[in-house]
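Notes follow once the structure below has been shown.
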Amino acid sequence: MGTIHRIDVSESANISVVRFTDKKIIDPEAIQELGQELFDLVEKDDRKKLVLNFSNVEFLSSAALGKLITFEKKAKRHDAELILSNISPEIYQVFSITNLDKLFQIKDSEADALAVL
Numbered sequence: 000m001g002t003i004h005r006i007d008v009s010e011s012a013n014i015s016v017v018r019f020t021d022k023k024i025i026d027p028e029a030i031q032e033l034g035q036e037l038f039d040l041v042e043k044d045d046r047k048k049l050v051l052n053f054s055n056v057e058f059l060s061s062a063a064l065g066k067l068i069t070f071e072k073k074a075k076r077h078d079a080e081l082i083l084s085n086i087s088p089e090i091y092q093v094f095s096i097t098n099l100d101k102l103f104q105i106k107d108s109e110a111d112a113l114a115v116l
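Here numbering that gives the first Met the number 0 is used: the first residue of the sequence shown is 0, the next is one more, and so on.
Dropping the structure here:
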């Protein structure tokens with residue numbers, strides 16, 4: 000397996016907790032790599048329970064949001080459960096304006112997310 004650059008994955012029981020290494024997810028190349036690393040989690044590693052922890056993330060571009068939506072679809076196709084957690088109020092605002100708060104399951108904290116998976 001290649002080096003993971005854009006995300007850090009840790010295992011908690013059978014749940015994969017994903018943290019983002021970039022504070023601002025804006026750069027198209029970074030978003031491309033990030034997307035690929037996320038897709039691999041469900042497509043190659045066949046992980047079924049995922050928590051995306053956004054505690055490190057201060058800003059997401061619309062392209063990054065697009066990648067998350069694509070990832071959500073891929074996760075569904077592979078019967079993987081996906082929960083987002085620790086989203087800052089600023090980013091949450093973007094989610095709610097774009098109705099993504101309805102698409103994604105979102106919990107306040109990683110502990111809350113782990114509790115429902």
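Glycine is no exception: its CB is placed at the ideal position from the N, C-alpha and C atoms.
Can you tell me whether residue i is buried or exposed, with buried defined as 16 or more other CB within 10 angstroms of its CB?
i: Val-41; result: buried
i: Lys-66; result: buried
i: Glu-89; result: exposed
i: Gly-112; result: In the sequence as displayed, the identity of residue 112 is Ala instead of Gly. Burial call: buried.
i: Ala-114; result: exposed
Give the DSSP bridge partners of residue i, in chain order.
i: Asn-52; result: Arg-18 and Ser-84
i: Phe-58; result: Lys-23
i: Ile-90; result: Note: Ile-90 sits in no beta bridge, so no partner.
Hey, quick one: how far does the beta strand (DSSP E) through residue i stretch, first residue to last?
i: Glu-71; result: First-last for Glu-71: 61-76, but that is the alpha helix (DSSP H), not the beta strand (DSSP E).
i: Glu-10; result: 6-11
Counting along the chain, where does the alpha helix (DSSP H) carrying residue i start and finish?
i: Lys-101; result: 99-102
i: Leu-113; result: 109-115
Under 8 Å, do residue i and residue j count as touching if we go by C-beta distance?
i: Glu-36; j: Ile-6; result: yes
i: Ile-13; j: Lys-48; result: Correcting the residue identity first, residue 13 is Asn in this sequence and not Ile. Contact flag set, yes.
i: Ile-30; j: Ala-74; result: no
i: Glu-57; j: Ser-87; result: yes
Looking only at its own chain, which residues have a Cβ that is under 6 Å from the Cβ of residue i, when we skip the five neighbours before and after it?
i: Ser-54; result: Asn-85
i: His-77; result: Val-41
Go through its chain and collect everything with a Cβ distance to residue i's Cβ below 7 Å, but skip five positions before and after it.
i: Met-0; result: Low confidence applies to Met-0: its pLDDT is 47, below 50, so where it sits in the model is not reliable, and the reading given next is rough at best. Contacts found: none.
Leaving out five residues before and five after residue i in sequence, what residues of the same chain have Cβ atoms less than 8 Å from its Cβ?
i: Val-17; result: Ile-6, Asp-7, Val-8, Leu-37, Leu-40, Leu-49, Val-50, Leu-51 and Asn-52
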